[in-house]
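Data first, discussion second: the structure below is written as structure tokens.
Residue numbers (the working numbering): 149 to 735.
Structure representation (structure tokens):
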């Protein structure tokens with residue numbers, strides 16, 4: 149681990165290649181030490197004071213270039229605070245003892261992601277936190293009530309950014325990180341120990357066998373990096389001389405700079421080793437250069453999930469097409485907007501033939517052989533709602549059946565499913581589509597989880613069913629039944645009236661388990677998935693035999709053994725508008 153984080157014997161370092169003199173100054177003690185420069189342009193020193201005496205004392209670097217002398221806040225500080233209107237860096241010992249050291253995150257193809265803004269989990273008065281002061285805090289997210297709910301869903305929790313951020317530019321969500329070594333203190337009960345509270349929350353989630361993913365914003369911001377290293381080091385310039393603004397939130401970070409790349413990777417390694425994070429989602433990841441993306445994949449432990457947004461507003465360094473090219477042999481997965489857009493239209497009931505074709509391609513993993521961009525489904529993060537845009541309930545007008553249909557669609561498609569927080573309890577932001585600085589909207593009303601207990605229960609059962617069934621865990625291309633061979637993985641079923649008079653906002657399919665399973669198991673374990681996003685009922689012709697209903701989207705119930713009171717389907721199945729179903733052989 150790099151010296152940027154692991155300071156043995158109080159060894160501190162600042163990268164400042166243009167400096168002629170650098171001094172470490174401890175504010176509270178009014179002491180200072182001259183630092184020595186190495187060949188790389190890094191200045192280091194070992195102050196002769198024990199760690200215990202330095203803990204939570206503020207310090208800075210005094211940097212001289214010619215006759216100019218400036219005060220520099222440590223860009224790799226473990227604690228940051230605003231004092232007298234200015235940022236100050238503080239010494240901090242991080243000796244948290246994780247209780248759940250044996251936790252091991254499952255492979256990415258075994259998880260269901262639950263994206264959440266951490267304070268939203270406990271901010272509302274209805275959240276049963278251990279202490280009142282825990283509302284909207286790290287410790288509130290670690291309360292038993294919240295953990296019980298997340299454990300019932302059995303999800304990998306992906307938190308929006310937690311790094312220290314500019315309050316005005318980052319708002320409540322925090323998408324404007326000032327630096328990446330200290331966590332924001334406004335979600336902490338004890339502001340001096342925000343990092344420790346984050347670790348405690350991660351450890352509590354691990355205690356429930358729940359992985360934790362962190363959204364990281366390396367593409368813009370980095371204010372303290374700029375103040376320490378300069379704009380020309382930190383920010384990317386265009387050929388014309390101006391700075392690239394690909395994020396829409398300020399200048400773009402120049403990840404291709406070797407020092408910036410090193411700082412990013414050292415930051416990620418520290419978050420894995422010290423904070424025990426299981427994965428990262430890179431905001432506007434397309435702004436990071438390809439070499440940095442490949443180096444991150446190479447350097448981070450193989451168990452760590454790597455997820456990125458494959459788009460930006462401009463200055464993209466790569467895109468979805470690279471998933472079958474330069475990134476083909478990496479673990480990188482990306483948010484799938486092809487799935488998102490087609491699924492939203494379908495769930496709202498306003499699709500056409502083209503949208504249905506696009507959705508069908510997305511259901512089987514957006515594979516290049518089907519006209520997509522992926523080589524394997526695990527490269528695709530499938531979702532309909534997230535922090536950006538309206539909540540799932542708001543997208544479908546609060547219709548509970550359509551919410552379940554949407555969740556069912558996400559969980560039965562090939563790829564990595566992601567659910568937006570509160571989808572299972574009809575979480576609403578009352579139609580608002582950008583709540584980046586609306587803490588009044590960014591909070592889950594837990595009374596809704598009681599009111600919609602049937603949906604919460606069904607989603608938990610559906611997640612468990614997905615993890616149990618191999619049908620949704622293909623690792624390659626699914627071969628469609630073209631009537632020319634008996635070797636097929638998926639057989640599409642169109643509504644009655646196809647191809648000229650069918651309902652274009654409904655589709656169904658028969659799916660076999662992957663071919664690595666024995667033939668007799670493949671034929672005996674067929675599943676039928678039926679989806680109706682339209683506003684009218686549809687009929688589907690079924691294969692010969694009797695089929696039992698194991699997921700009933702009309703009643704919002706899930707039972708792998710089938711429903712005794714629901715009649716077995718035979719010959720055809722009528723699917724009500726805005727509903728779904730899963731069938732398996734009755735015998």
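Beta carbons: idealized from backbone N, C-alpha and C, even for Gly.
Asked, Found
"Integer Cβ distance of residue 726 from residue 574, believed to fall under 8 angstroms", "Rounded, the Cβ-Cβ distance is 14 angstroms, inconsistent with contact."
"CA nearest to the CA of residue 422, picked from 196, 226 and 704", "226"
"Residue 670 in three-state terms, based on DSSP", "The pLDDT assigned to residue 670 is 48, lower than 50, so where the model puts this residue is not dependable; a value taken from the coordinates is nonetheless given after this. Residue 670: helix per DSSP, three-state reduction."
"Assigned exposure category for residue 536 - 16 Cβ within 10 Å defines buried", "exposed"
"Span separating the alpha-carbon of residue 732 from that of residue 598", "30 angstroms"
"Member of 659, 197 and 166 whose CA lies at the smallest distance from the CA of residue 160", "197"
"With 16 other Cβ atoms within 10 Å as the buried cut-off, status of residue 154", "In this predicted model, residue 154 has a pLDDT of only 42, less than 50, meaning its place in the structure is not dependable; the value taken from the coordinates is given anyway. So residue 154 ends up on the exposed side."
"Neighbourhood of residue 567 by C-beta, 6 angstroms cutoff - its chain only, sequence neighbours within 5 removed", "262"
"Rounded distance between the beta-carbons of residue 399 and residue 368, thought under 8 angstroms", "7 angstroms"
"Alpha helix (DSSP H) runs wholly inside the stretch 554-610, at least 4 long, in chain order", "595-599"
"Residue 371 burial status per 10 Å Cβ neighbour count (16 or more: buried)", "buried"
"Paired residues, beta bridge with residue 304 - DSSP", "261"
"Straight-line Cα distance separating residue 443 from residue 163", "21 angstroms"
"Buried versus exposed call for residue 713 [16 or more other C-beta atoms within 10 Å across all chains shown]", "Any answer about residue 713 is weak, because its pLDDT of 49 lies below 50 and its placement is not dependable; what the coordinates show is given next. Answer is exposed; the Cβ neighbour count stays below 16."
"Neighbour flag for residue 274 against chain D, beta carbons, 8 angstroms", "Given the protein chain composition of this structure (a single chain), no chain D is represented."
"Bounding residues of the alpha helix (DSSP H) (the contiguous stretch that carries residue 238)", "Taken as a continuous stretch (DSSP letters only), residue 238 belongs to no alpha helix (DSSP H), being part of the beta strand (DSSP E) at 234-238."
"Helix, strand or coil at residue 477 [DSSP, three-state]", "coil"
"Under 8 angstroms between C-beta atoms of residue 495 and residue 681", "yes"
"Among 211, 251, 674 and 264, nearest to residue 429 - alpha-carbon criterion", "264"
"Sheet register partners of residue 350 (DSSP bridge)", "Residue 350 pairs with nothing; no bridge assigned."
"The alpha helix (DSSP H) enclosing residue 415, as first and last residue numbers", "406-421"
"Three-way DSSP call (helix, strand, coil) for residue 627 in this model", "coil"
"Beta-bridge partners of residue 169, as assigned by DSSP", "212"
"Delimiting residues of the alpha helix (DSSP H) encompassing residue 486", "485-496"
"Contact between the stretch 302-320 and the stretch 330-342 (3+ Cβ pairs under 8 angstroms)", "yes"
"Strand pairing of residue 655, partner residues [DSSP]", "679"
"Residue from 346, 527, 466 and 393 with nearest C-alpha to residue 288", "346"
"Nearest neighbour of residue 408, chosen from 434, 378 and 391 [CA to CA]", "378"
"Alpha-carbon spacing of residue 642 relative to residue 505, whole angstroms", "12 angstroms"
"Cβ neighbours of residue 406 in the same chain (closer than 6 angstroms, five flanking residues each side left out)", "none"
"For residue 444, the residue or residues it bridges with in DSSP", "Residue 444 pairs with nothing; no bridge assigned."
"Alpha carbon of residue 480 to alpha carbon of residue 461, nearest angstrom", "21 angstroms"
"Presumed contact (8 angstroms Cβ cut-off) between residue 466 and residue 474, rounded CB distance", "7 angstroms"
"Residue 189 versus residue 414 - alpha carbon distance", "17 angstroms"
"Residue range of the unbroken beta strand (DSSP E) whose run includes residue 227", "227-231"
"The alpha helix (DSSP H) enclosing residue 510, as first and last residue numbers", "501-511"
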